[in-house]
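Data first, discussion second: the structure below is written as structure tokens.
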Amino acid sequence: MSRHHAHHHRLLRKLDWGPATLSSRRPLDAIIIPASRKAHRLGPLIDLASLCDTPLVLLASHDCDINEAATLVASRPGSARVVLVDVPTEIDQPALRLATSDKRVRAFSGDRDSNLSLKRNIGLLLARHRGWQKIMFLDDDITDITPDDVNRVAYYLDTNLFAGFKTLQFPDNSVVCHANRLAGRPQGIFVSGGALGVNTAGDRALDVFPDVYNEDWFAFAGEVQRHGVAHVGNIGQLEFNPFKDPARATFEEFGDLLAEGLYALFTDVGGLHRATENYWARFIEDRAKLIEGIQLDLAGHETHEKVQATESLKEAWKQLHTIQPADCVEFLGVWEQDRQQFGQASRQATRRTLDYHAAFEELGLKSWQEARFGVARMPELAEVNSAGAPR
Numbered sequence: 015m016s017r018h019h020a021h022h023h024r025l026l027r028k029l030d031w032g033p034a035t036l037s038s039r040r041p042l043d044a045i046i047i048p049a050s051r052k053a054h055r056l057g058p059l060i061d062l063a064s065l066c067d068t069p070l071v072l073l074a075s076h077d078c079d080i081n082e083a084a085t086l087v088a089s090r091p092g093s094a095r096v097v098l099v100d101v102p103t104e105i106d107q108p109a110l111r112l113a114t115s116d117k118r119v120r121a122f123s124g125d126r127d128s129n130l131s132l133k134r135n136i137g138l139l140l141a142r143h144r145g146w147q148k149i150m151f152l153d154d155d156i157t158d159i160t161p162d163d164v165n166r167v168a169y170y171l172d173t174n175l176f177a178g179f180k181t182l183q184f185p186d187n188s189v190v191c192h193a194n195r196l197a198g199r200p201q202g203i204f205v206s207g208g209a210l211g212v213n214t215a216g217d218r219a220l221d222v223f224p225d226v227y228n229e230d231w232f233a234f235a236g237e238v239q240r241h242g243v244a245h246v247g248n249i250g251q252l253e254f255n256p257f258k259d260p261a262r263a264t265f266e267e268f269g270d271l272l273a274e275g276l277y278a279l280f281t282d283v284g285g286l287h288r289a290t291e292n293y294w295a296r297f298i299e300d301r302a303k304l305i306e307g308i309q310l311d312l313a314g315h316e317t318h319e320k321v322q323a324t325e326s327l328k329e330a331w332k333q334l335h336t337i338q339p340a341d342c343v344e345f346l347g348v349w350e351q352d353r354q355q356f357g358q359a360s361r362q363a364t365r366r367t368l369d370y371h372a373a374f375e376e377l378g379l380k381s382w383q384e385a386r387f388g389v390a391r392m393p394e395l396a397e398v399n400s401a402g403a404p405r
């Protein structure tokens, strides 16, 4: 029987992080940032794209305003191309309309509402429409990443489908796993979509990011089962309080349960065919014991942080007890629908190379602009009207 694992090191391949002289036959085609924070926080990542002379695509929503981002780009030196895109919460485009976004499926995650997986999938299809072979996703909270790291990603994408980083400073974990660490228990970190190179060359089906917490672990699943995901370095992210809002634990619980359950399965006994209702019944029971054990370890040491963590664990436990083994099996089936649909769309997108205007039209993205370093706006592409035509 597979149980919760403190880490999943066996599912990674740690590659050489050595000489910066590693040179790829082909550099990255683009750095893609799914952004939701205020634009002024993007300075270090914009500077990184400039230093690497790598095209930058900003997929913006929530608090990130593309006009403010354009002003920020204009204030910095550089020559790389920069494209800024407004991403709505939902897009009426068949390739991006996921079954895992269905209202019934989202209910398993406490009606979680996020467009992060949408942005990642847009990035993949944009790469195919543009004829790009290598892209790198960088979340807007990533820190401590250098041009050498970017070069290393490009190098390892010559021979790998993914090239990922662990986010160690501040650890990239779920609320439950943060609480596990706070209780003094061993807690590992896996590579994530936060800083991830993706090989988009050829016309093979690309791996979808489903609409669930830990969407990146699902996208890695095929590579994990084949020979492990390439681990090419360690970086940081902005520090935050994972226990500030207990609802965070509610929204994460279903995706965390599924991802941890699948990766325990991959580590111990085999593939997806073993993820039956009986398996999930046992793993849900084990997950409940894990949460209860963390609560016991935190009890009696009532710092403010531990009190907050305990409240978050209560919410995770409550959400866990709304989840049935059949829900887990149902999600895996719905995820497979998304894999098939998105995989087909990603292959069709390779039929001809499109310019940005045509690519965004194809993706149903109507509001975008192009900016240049040291220039306020590119006049010919300064704004895009509601029909998608430059004005």
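The working numbering puts the first residue of the sequence shown at 15, with every later residue one more than the last.
Positions of the beta carbon are idealized from the N, C-alpha and C atoms, including for glycine.
These numbers were taken from a predicted model, which means no experiment stands behind them.
Helix, strand or coil for G269? Go by DSSP, reduced to three states.
For the purposes of this step, residue 269 is taken as the residue at position 255 of the sequence shown. Helix.
Looking only at its chain, what residues have a beta carbon closer than 7 Å to the beta carbon of L65, apart from the 5 residues adjacent to it on each side?
If you number the sequence shown from 1, residue 65 lands on position 51. Cβ neighbours of L65 within its own chain (closer than 7 Å, five residues either side excluded): P161.
Measuring straight from C-alpha to C-alpha, what distance separates T336 and D153?
Your numbering for residue 336 matches position 322 in the sequence shown. Your numbering for residue 153 matches position 139 in the sequence shown. For T336 and D153, the gap between their C-alpha atoms comes out near 31 Å.
Note down the Cα distance separating L26 from D158, rounded to an integer number of angstroms.
Taking the sequence shown and counting its residues from 1, the one referred to as residue 26 is at position 12. Taking the sequence shown and counting its residues from 1, the one referred to as residue 158 is at position 144. Going by C-alpha positions, L26 is about 21 Å away from D158.
If you drop the 5 nearest sequence neighbours on each side, which residues of the same chain put their C-beta closer than 6 Å to that of L72?
Counting from one through the sequence shown, the residue named residue 72 turns up at place 58. Cβ within range, chain order: I47, A49, A83, L98.
Quick one: using the 10 Å Cβ neighbour count with 16 as the cut-off for buried, is A385 buried or exposed?
Taking the sequence shown and counting its residues from 1, the one referred to as residue 385 is at position 371. A385 is buried by the Cβ-count criterion.
Bridge partners of Q383, per DSSP?
Indexing the sequence shown from 1 puts residue 383 at position 369. Bridge partners of Q383: L98.
Per-residue burial, T173 [other beta carbons within 10 Å of its own, 16 or more giving buried]:
Residue mapping note: residue 173 aligns to position 159 of the sequence shown, counting from 1. T173 is exposed by the Cβ-count criterion.
Ignoring anything shorter than 4 residues or poking outside the stretch 172-205, list the alpha helix (DSSP H) runs there in chain order.
Counting only runs of 4 or more residues that sit fully inside the stretch 172-205, the alpha helix (DSSP H) segments are 189-196, in chain order.
Between N129 and G92, what straight-line distance do the alpha-carbon atoms span, to the nearest angstrom?
As a working mapping, residue 129 is identified with position 115 in the sequence shown. As a working mapping, residue 92 is identified with position 78 in the sequence shown. N129 and G92 have their alpha carbons spaced roughly 30 Å apart.
May I ask which residues mark the beginning and end of the alpha helix (DSSP H) holding I165?
Position 151 of the sequence shown, counted from the start, is the residue given in the question as residue 165. Looking at the sequence provided, one finds Asn at residue 165 rather than Ile. N165 -> alpha helix (DSSP H) spans 161-170.
So, with DSSP's three-state summary, where would you put N129?
As a working mapping, residue 129 is identified with position 115 in the sequence shown. Note: N129 maps to coil in three-state DSSP.
Between the CA atoms of S89 and E299 - distance to the nearest angstrom
As a first step, residue 299 must be located in the sequence shown, where it is residue number 285. As a first step, residue 89 must be located in the sequence shown, where it is residue number 75. Straight-line Cα distance between these residues: approximately 54 Å.
So N248 is in the beta strand (DSSP E); what residue range does that whole segment cover?
Position 234 of the sequence shown, counted from the first residue, corresponds to residue 248. Boundaries of the beta strand (DSSP E) harbouring N248: 243-251, taken from the DSSP string.
If you follow the beta strand (DSSP E) that V348 is part of, which residue opens it and which one closes it?
As a position in the sequence shown, residue 348 is number 334, starting the count at 1. Run containing V348: none in the beta strand (DSSP E); it sits in the alpha helix (DSSP H), 339-362.
Per-residue DSSP class, three states only, for I156
Locating residue 156 in the sequence shown gives position 142, where the first residue counts as 1. In this structure, I156 counts as strand in the three-state DSSP scheme.
Straight-line Cα distance separating Q322 from I203
As a working note, residue 203 is residue 189 in the sequence shown. As a working note, residue 322 is residue 308 in the sequence shown. Spanning the two alpha carbons is a distance of roughly 22 Å.
Taking the alpha-carbon positions, what's the A44 to F176 distance?
If you number the sequence shown from 1, residue 44 lands on position 30. If you number the sequence shown from 1, residue 176 lands on position 162. In this model, A44 and F176 are separated by some 15 Å (Cα to Cα).
Residues sharing a beta bridge with N213, DSSP:
Within the sequence shown, the letter at position 199 stands for residue 213. The beta-bridge partner set that DSSP reports for N213 consists of K148.
Check this for me: beta carbons of A340 and E376, under 8 Å apart or not?
Within the sequence shown, numbered from 1, the residue matching residue 340 stands at position 326. Within the sequence shown, numbered from 1, the residue matching residue 376 stands at position 362. Not closer than 8 Å, so no.
Could you give the distance in angstroms between the alpha-carbon of N81 and the alpha-carbon of P58?
Mapped onto the sequence shown, residue 81 falls at position 67. Mapped onto the sequence shown, residue 58 falls at position 44. Between N81 and P58, the C-alpha separation is close to 18 Å.
Touching or not, the stretch 261-278 and the stretch 216-223, by the rule of three or more beta carbon pairs under 8 Å?
In short, these stretches do not touch, since the Cβ pair count stays below three.
Length of the line joining the Cα atoms of L10 and Q183:
Since the first residue shown for the chain is 15 and the last is 405, residue 10 is missing from the structure and cannot be characterised.
Report yes or no: do the stretch 131-143 and the stretch 361-369 share at least 3 C-beta pairs separated by less than 8 Å?
Yes, since at least three Cβ pairs between the stretch 131-143 and the stretch 361-369 fall closer than 8 Å, the two stretches touch.
My output table needs one value for G208: the three-state DSSP class, helix, strand or coil.
On the sequence shown, residue 208 is found 194 positions in, with the first residue counted as 1. In this structure, DSSP gives G208 an extended state, which the three-state scheme calls strand.
Below 8 Å on the Cβ atoms is my contact criterion, and I expect I60 with V87 to pass it. Report the Cβ-Cβ distance as a whole number of Å.
The sequence position of residue 60 within the sequence shown is 46, counting from 1. The sequence position of residue 87 within the sequence shown is 73, counting from 1. With 8 Å as the limit, I60 and V87 qualify as a contact, their Cβ atoms being about 6 Å apart.
Where A44 sits in the DSSP three-state scheme:
The sequence position of residue 44 within the sequence shown is 30, counting from 1. Correct three-state label for A44: strand.
Supposed close pair A330, L139 - CB separation, criterion 8 Å
Taking the sequence shown and counting its residues from 1, one reaches residue 330 at position 316. Taking the sequence shown and counting its residues from 1, one reaches residue 139 at position 125. With a Cβ gap of about 33 Å, A330 and L139 do not count as contacting.
Report the three-state DSSP secondary structure of E219 (helix, strand or coil).
Locating residue 219 in the sequence shown gives position 205, where the first residue counts as 1. The amino acid at residue 219 is misidentified as Glu; the sequence shows Ala. Per DSSP, reduced to three states, the secondary structure at A219 is coil, with no helix or strand assignment.
Would you tell me roughly how many angstroms separate the C-alpha atoms of L379 and A359, rounded to the nearest one?
Locating residue 379 in the sequence shown gives position 365, where the first residue counts as 1. Locating residue 359 in the sequence shown gives position 345, where the first residue counts as 1. Distance between the alpha carbons of L379 and A359 is about 16 Å.
Coarse secondary structure for R27, derived from DSSP in three states:
Your numbering for residue 27 matches position 13 in the sequence shown. Reduced to three states, the DSSP call for R27 is strand.
Endpoints, the alpha helix (DSSP H) within which L65 is located:
Here residue 65 is taken as the residue at index 51 of the sequence shown, counted from 1. For L65, the enclosing alpha helix (DSSP H) begins and ends at 57-66.
From what residue to what residue does the beta strand (DSSP E) around L73 run?
Locating residue 73 in the sequence shown gives position 59, counting from the first residue. Taken as a continuous stretch (DSSP letters only), the beta strand (DSSP E) holding L73 covers 70-74.
Have a look at L62 and L70 and give me their C-alpha separation to the nearest angstrom.
As a working note, residue 62 is residue 48 in the sequence shown. As a working note, residue 70 is residue 56 in the sequence shown. Straight-line measurement puts the Cα of L70 at about 10 Å from the Cα of L62.
Which residues mark the beginning and the end of the alpha helix (DSSP H) in which D106 is found?
Here the question's residue 106 lines up with position 92 in the sequence shown. Bounds of any alpha helix (DSSP H) do not take in D106, whose DSSP letter is neither H nor E.
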